[in-house]
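The structure under discussion appears below in the form of structure tokens.
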Amino acid sequence: MPPPPATRSGLPRVVTDALVMTRRNLLKYRRIPTLLFFSTIQPIMFVLLFVYVFGGAVEFGSARNYATFLLPGIFAQTSVFGSTTTGIGLADDINKGLIERFRSLPMSRSAVLIGRTLSDSARNLFVVVLMTIVGYLVGFRFEGGPLRAVAALALAVLFGFSFSWISAAIGLSVRDVETAQAAGFVWVFPLTFASSAFVPTETMPSWLQAFARVNPVTVTVDTLRALTLGEPATPSLWYMLAWIAGILAVFVPLAVRQYRRAV
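Mapped onto the numbering used here, the consecutive letters of the sequence shown carry residue numbers 33 to 295.
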């Protein structure tokens, strides 16, 4: 078998190749709009159900107060749940033989993964902005001002971006769409629901509080909530950035390694 074409190197070429792959992945939503529809309907259902069904059971005084408490958690949940599509998409590309074709092209190998994670982050940004609009309809408000609102949304997407690399490593390891989907929810659900996303951690059993307080989702939600309410965001912001940096430091090399072994 002849050796694959030489891979292009250099940061500008990596960026160019990654943007090409990002565009390729985003065009899929234009060809199949139902993918984007079902990516957005679930978070909308969570907002409406939690505000109007569970909001009365949580002692915040009014649906509006609970909506303001809830939406930062929904932002984090949406980004984390959205990150699972990265592994599912890569597993699907392996089964369709696309990864093998990409590896035969004279392009940066990391560009495929960067393009996938960036496109999924762009979708997450769209969904989070949509959640903000829906949240305003049920009483949510950014009480910290526009700059803090932009910072909160950007940090939510950045957190999802880091989790996309975890999902990428899983998808490239299992190489099967159904397994990647099942494996994704195994680690996403405990992190999301055992956090401060939907209820204060003080209401949890003491043994669960110990886990919830160091949970990266809790740290992220606390940061987004502080920005939303106009309260001091430190030290949770630094803990959040440390989690993001640690996740990227571990799972970016791991995902690239798994990509090289994918075929």
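The beta carbon of each residue, even a glycine, is placed where N, CA and C say it ideally should be.
Check, Outcome
"Going along the chain, which residues of its own chain have a beta-carbon closer than 7 Å to the beta-carbon of Val220, five neighbours each way excluded?", "Val112, Phe113 and Thr116"
"Can you tell me whether Ile279 is helix, strand or coil according to DSSP?", "helix"
"Please classify Ala38: is it buried, with 16 or more other beta-carbons within 10 angstroms of its beta-carbon, or exposed?", "Legend: pLDDT at Ala38 = 44, less than 50; position of this residue unreliable, value from coordinates given subsequently. Classification for Ala38: exposed."
"Measuring only the C-alpha atoms, how far is Tyr291 from Ile202?", "11 Å"
"Measuring CA to CA, which of Ile165, Phe172 and Leu256 is closest to Ala183?", "Leu256"
"Would DSSP call Thr266 helix, strand or coil?", "coil"
"Kindly provide the ranges of any alpha helix (DSSP H) runs that are 4 or more residues long and lie completely inside the segment 104-192, ordered along the chain.", "130-136 and 141-169"
"Are the Cβ atoms of Thr110 and Met163 separated by less than 8 Å?", "yes"
"Anyone know if the C-beta pair for Thr52 and Gly192 falls short of 8 Å?", "Sequence check: residue 52 is Val here, not Thr. No. Outside cutoff."
"Please state the DSSP three-state secondary structure of Met236.", "coil"
"Just the C-alpha distance for Ser229 and Ser142, rounded to the nearest angstrom, thanks.", "Reading the sequence as shown, one finds Ala at residue 229 and not Ser. The straight-line gap from Cα to Cα measures roughly 33 Å."
"Starting from Phe225 and walking both ways along the alpha helix (DSSP H), at which residues does that stretch end?", "Val209 to Phe225"
"Residues in the same chain with beta-carbon distance under 7 Å from Val166, minus the five sequence neighbours each way, listed in chain order, please.", "Ile76 and Val79"
"Using the rule of at least 16 other Cβ atoms within 10 Å of the residue's Cβ for burial, across every protein chain shown, is Ile120 buried or exposed?", "buried"
"Closer than 8 Å, CB to CB, is Lys128 near chain C or not?", "Judged by its chain identifiers, the structure shown contains no chain C, having just a single protein chain."
"Our contact map puts Thr118 next to Ala200 with C-beta atoms below 8 Å; I'd like the distance itself, whole angstroms only.", "5 Å"
"Which of helix, strand or coil does DSSP assign to Arg257?", "helix"
"What is the DSSP secondary structure of Arg292, counted as helix, strand or coil?", "helix"
"Count the other C-beta atoms from every protein chain shown that fall within 10 angstroms of the C-beta of Pro35, then say buried if there are 16 or more, exposed otherwise.", "Low confidence applies here, because Pro35 scores a pLDDT of 46, under 50, leaving its location unreliable and the question unanswered by this model."
"Suppose the cutoff is 6 Å on Cβ atoms and the five residues either side in sequence are ignored; what does the same chain contact list for Lys60 look like?", "none"
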